[in-house]
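Chemist:
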Amino acid sequence: MGGGRKNFLPKEKTDEEGEPGARLDGVNLIEEWSSLKEKMGLKSKYVWNGEQLQAVDASSTDYLLGLFDSSHMEYHLLSNNSKNPTLAEMTGKAIEILSKNPKGYVLFVEGGRVDHGHHDTTAHLALDEAVEMAKAVKVADNATDEKQTLIVVTADHAHTMSFAGYPVRGNPILSIGGTSDVDTLPYATLSYANGPGYKHPTDTGNRYDIAKDNMTDVKYTFPGTAPLTSETHGGDDVAVYAKGPWAELFTGNFEQNFIMHAMCFSSQIGPAASWVKPSQ
Numbered sequence: 020m021g022g023g024r025k026n027f028l029p030k031e032k033t034d035e036e037g038e039p040g041a042r043l044d045g046v047n048l049i050e051e052w053s054s055l056k057e058k059m060g061l062k063s064k065y066v067w068n069g070e071q072l073q074a075v076d077a078s079s080t081d082y083l084l085g086l087f088d089s090s091h092m093e094y095h096l097l098s099n100n101s102k103n104p105t106l107a108e109m110t111g112k113a114i115e116i117l118s119k120n121p122k123g124y125v126l127f128v129e130g131g132r133v134d135h136g137h138h139d140t141t142a143h144l145a146l147d148e149a150v151e152m153a154k155a156v157k158v159a160d161n162a163t164d165e166k167q168t169l170i171v172v173t174a175d176h177a178h179t180m181s182f183a184g185y186p187v188r189g190n191p192i193l194s195i196g197g198t199s200d201v202d203t204l205p206y207a208t209l210s211y212a213n214g215p216g217y218k219h220p221t222d223t224g225n226r227y228d229i230a231k232d233n234m235t236d237v238k239y240t241f242p243g244t245a246p247l248t249s250e251t252h253g254g255d256d257v258a259v260y261a262k263g264p265w266a267e268l269f270t271g272n273f274e275q276n277f278i279m280h281a282m283c284f285s286s287q288i289g290p291a292a293s294w295v296k297p298s299q
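For the sequence shown, my numbering gives the first residue as 20, with consecutive numbering after it.
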C-alpha cells in the first residue's frame, strides 16, 4: 500500500483520478496482478482510496494492493482523508490480513514523507508525518501480542535540522526561539544546516528578519544556513526502539546492518532460522 500508481500503468492509460501512467512497456501491472491472483484461485482486492480500504473485509481477503495516489501520497496535513488513508489505517488493515497466517508475517511500515518534508525544510509537514508514524506504531502495538510479535522502530538516516536557543516554557517549537544579542534580530527554534529555506541577507547586508514571515503556514520553509535546492541528510546516529521477543538485543550502539541480523535471529527466519530453539 502507498502511492506510485503511475508506475503500475502504461503511459497510454489514465488512472481513476484522470492521471496518466508512466510505464513505457505498455504493461498494466494492476490488471496483471489481479488476473494472476484470480487464476491462482487467491482472494485478492485492489483499492485506490481510503473509503475502499476501510470497506475491505480482511476475513475474505488474502492479498491487498492499495495505490492511493499517482505519485507520492499527499502529506497528512494537506490530504483529503476520504481519499488518502492514514499510515495508521493502512497499518491496521495490513495487520488484519497478515495476522491470519499461522506461520506469522513480516510487515514493513515506512513514514516516507518525513524525509521529504525535511528535504524541503518544511518542518510543520515533517514533524506531523513523524506523529503519523507514531500513531501507526500505536496501532501495531495494540493489534499484536508483545509475547509473540517483535516491533522495531528506527530510521535510515538523520537530517540537518537542529534545535537552537532557550525558548521559554510553552513557546511553540515551530516559531521564533529567541533574539540574537549581536544583531538584535530573531532566530527560529528549528533551523537546518542547508536547504531551500536559506534566507538571503538584505540589501544592506543585514540578516533576514524572520519576524516578517508567517511561520504558522504549514508549508513554511524553515531557515537554512547554506542555500541548496534540497536539504541534505545528517550524520547523526539514529535511535532504534524495540518491543517484544528478544528486544533486549537492540541496546547500546551498533552498526546499521546489525538490525537485520537481530530481527532474523528474533524471528527465526533467514540465515538465523536454525539459531534459536522454538522453546526460546
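For glycine and all other residues, C-beta sits at the position ideal for the given N, C-alpha and C.
List in chain order: all unbroken beta strand (DSSP E) runs of 3+ residues lying wholly within the stretch 215-239.
Modeler: Runs found: none.
Chemist: Give a yes or no on whether 8 Å exceeds the smallest Cβ distance from Trp294 to chain C.
Modeler: Of the protein chains in this structure there is only one, and it is not chain C.
Chemist: To which residues of the same chain is Leu43 closer than 7 Å at the C-beta, ignoring the five residues directly before and after it?
Modeler: Within the same chain, Leu43 has close Cβ partners Lys30.
Chemist: Less than 8 Å between the CB atoms is what I'm expecting for Thr75 and Leu86, so what's the real figure, rounded?
Modeler: This sequence places Val at residue 75; Thr is not what is there. 14 Å between Cβ atoms; not a contact.
Chemist: State the Cα-Cα distance for the pair Thr168 and Ala149, rounded to the nearest angstrom.
Modeler: Distance between the alpha carbons of Thr168 and Ala149 is about 22 Å.
Chemist: Which residues in the same chain as Ser194 place their Cβ atom closer than 7 Å to its Cβ, once the five residues preceding and following it in sequence are excluded?
Modeler: Taken in chain order, the residues that qualify are Thr208, Met234.
Chemist: In three-state DSSP terms, what is Ser249?
Modeler: If DSSP states are grouped into helix, strand and coil, Ser249 belongs with coil.
Chemist: Just to confirm the assignment, what range does the alpha helix (DSSP H) spanning Val171 have?
Modeler: Not the alpha helix (DSSP H): Val171 falls in the beta strand (DSSP E), residues 170-173.
Chemist: Which two residues bound the contiguous alpha helix (DSSP H) that contains Phe182?
Modeler: No alpha helix (DSSP H) contains Phe182, which is instead part of the beta strand (DSSP E) from 180-182.
Chemist: Grouping DSSP H, G and I as helix and E and B as strand, with all else coil, what is Val125?
Modeler: In this structure, Val125 counts as coil in the three-state DSSP scheme.
Chemist: Does the beta-carbon of Glu250 have 16 or more other beta-carbons within 10 angstroms, so that it is buried, or is it exposed?
Modeler: Buried, since its Cβ has 16 or more Cβ neighbours within 10 Å.
Chemist: Kindly examine the ligand GDP and report whether one of its heavy atoms sits closer than 7 Å to the Cβ of Ser118.
Modeler: No copy of the ligand GDP appears in this structure; indeed no ligand is present at all.
Chemist: Which runs of the beta strand (DSSP E) at least 3 residues long sit entirely within the stretch 75-142? Give them in chain order.
Modeler: Correct list: 82-85.
Chemist: What do you get for Ala113, buried or exposed, if any count of 16 or more other CB atoms within 10 angstroms of its CB means buried?
Modeler: Classification of Ala113: buried, given that the 10 Å Cβ count is 16 or more.
Chemist: Among Asp160, Gly111, Pro264, Val237, which one has its Cα closest to the Cα of Asp139?
Modeler: The shortest Cα separation from Asp139 among Asp160, Gly111, Pro264, Val237 belongs to Val237.
Chemist: Does DSSP put Ser286 in a helix, a strand or coil?
Modeler: Of the three classes helix, strand and coil, the one that applies to Ser286 here is helix, per DSSP.
Chemist: Grab me the residues of Ile192's own chain with a C-beta within less than 7 Å of its C-beta, minus the 5 sequence neighbours each way, in chain order.
Modeler: Same-chain partners within the cutoff: Thr208, Leu209.
Chemist: Start and end of the beta strand (DSSP E) containing Ile195?
Modeler: First-last of the beta strand (DSSP E) with Ile195: 195-198.
Chemist: Distance check for His135 and His176, CA to CA, integer angstroms please.
Modeler: For His176 and His135, the distance between alpha carbons rounds to 13 Å.
Chemist: Three or more beta-carbon pairs under 8 Å between the stretch 282-292 and the stretch 262-272, yes or no?
Modeler: Flag = yes, the stretch 282-292 and the stretch 262-272 touch.
Chemist: Since Ile278 and Val171 should fall inside the 8 Å C-beta cutoff, what is the C-beta to C-beta distance between them, to a whole number of angstroms?
Modeler: 7 Å between Cβ atoms; contact.
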